[in-house]
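Using my numbering, read the sequence shown as starting at 31 and increasing by one per residue.
Ideal placement from N, C-alpha and C gives every residue a C-beta, glycine not left out.
No experiment lies behind these values; they were computed from the predicted model shown.
Following: one structure in structure tokens, then a few remarks.
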Amino acid sequence: MTWIFRLFTVLGFMISLAACSSRSVTPDTEELTVQREKPTNEKCVSLGSLTGTTLTTKGKEEEALADLKKSAAAKGGNYLWVKQYSETGTSVTGEIFDCP
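This is how it looks when you write it as structure tokens:
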């Protein structure tokens, strides 16, 4: 009887650990193509314009671009056309596309 109790205890513990795992809610930016040119594929559909910013006064272009990429991935696109950086480098604008 004791071994059955131990077995169920271990199984219950394993099931509860598995139930606690979850998928990441952070969008994946690895599959995003980032270019300075508009996509040439006519089947690409625009999902809208976006702006990436950095909140620090000494912000870098890389931080603003990272913010833009996160926003683009959250919209579900796979091609990001980077249009313009601000003069200070604290913001960047672009357009996200869904390309086949």
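The C-alpha of Val-40 is placed about 10 Å away from the C-alpha of Ile-34. For Asp-97, the enclosing alpha helix (DSSP H) stretches over residues 91-105.
In this structure, the alpha-carbon of Lys-99 lies about 8 Å from that of Leu-110.
Ile-45 is classed as exposed because its beta carbon has fewer than 16 other beta carbons within 10 Å across all chains shown. Under the DSSP definition of a beta bridge, Phe-127 partners with Ser-76, Tyr-109.
Within the same chain, Val-112 come within 7 Å of Arg-66 by CB-CB distance, once the 5 residues on both sides are set aside.
Collapsing the DSSP output to three states places Thr-81 in a strand. Look at the beta carbons and you see the segment 74-83 touching the segment 111-130: at least three pairs across the two are nearer than 8 Å.
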